[in-house]
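Quick note on numbering: the sequence shown equals residues 16 to 108 in the working numbering. C-beta atoms are modelled at their ideal positions from N, C-alpha and C, and glycine is treated no differently. One structure is given below, encoded as structure tokens.
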Amino acid sequence: MTLDQAYQICREITISHYENFPVASRLLPAQSRKHIYPIYAFARHADDLADEAGDREGLLAWREMLHRCLREAVGHPIFQALADTIRRFELPV
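Below you can see the structure in the form of structure tokens.
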């Protein structure tokens, strides 16, 4: 999967779950918008795991994947795009 495809998947997740995002995203510079998508998709999935009867193992695995994606390439589209965004903006993890 290409990085652009990974960002597109994150965009679709964001748009389908967050009703106010299309309006709020207009406040961001166009070049920054795509980098919000993987951050939201990551947090959305973590929230879903927490809602699933407190899926502690799932949350721990999700956190480990976050750290792993910064060390090596992973096949998950959210983490592909998220790792790129974290590196590009030097975001703390």
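Cα-Cα separation, His12 to Ala96: In the structure as shown, the chain begins at 16 and stops at 108. Residue 12 is therefore absent and cannot be evaluated.
What is the C-beta distance between Arg59 and His32, in whole angstroms, given that I count them as a contact (C-beta under 8 Å)? Here residue 59 refers to the residue found at position 44 of the sequence shown. Here residue 32 refers to the residue found at position 17 of the sequence shown. Confirmed, about 5 Å.
Between which two residues does the alpha helix (DSSP H) holding Glu87 run? For this step, residue 87 is matched to residue 72 along the sequence shown. From DSSP, Glu87 is part of no alpha helix (DSSP H); its letter is neither H nor E.
So, are the CB atoms of Leu81 and Gly73 less than 8 Å apart? Position 66 of the sequence shown holds residue 81. Position 58 of the sequence shown holds residue 73. No, they are not a contact pair.
Ends of the alpha helix (DSSP H) at Leu64? If you number the sequence shown from 1, residue 64 lands on position 49. Segment Ala45 to Asp66, the alpha helix (DSSP H) holding Leu64.
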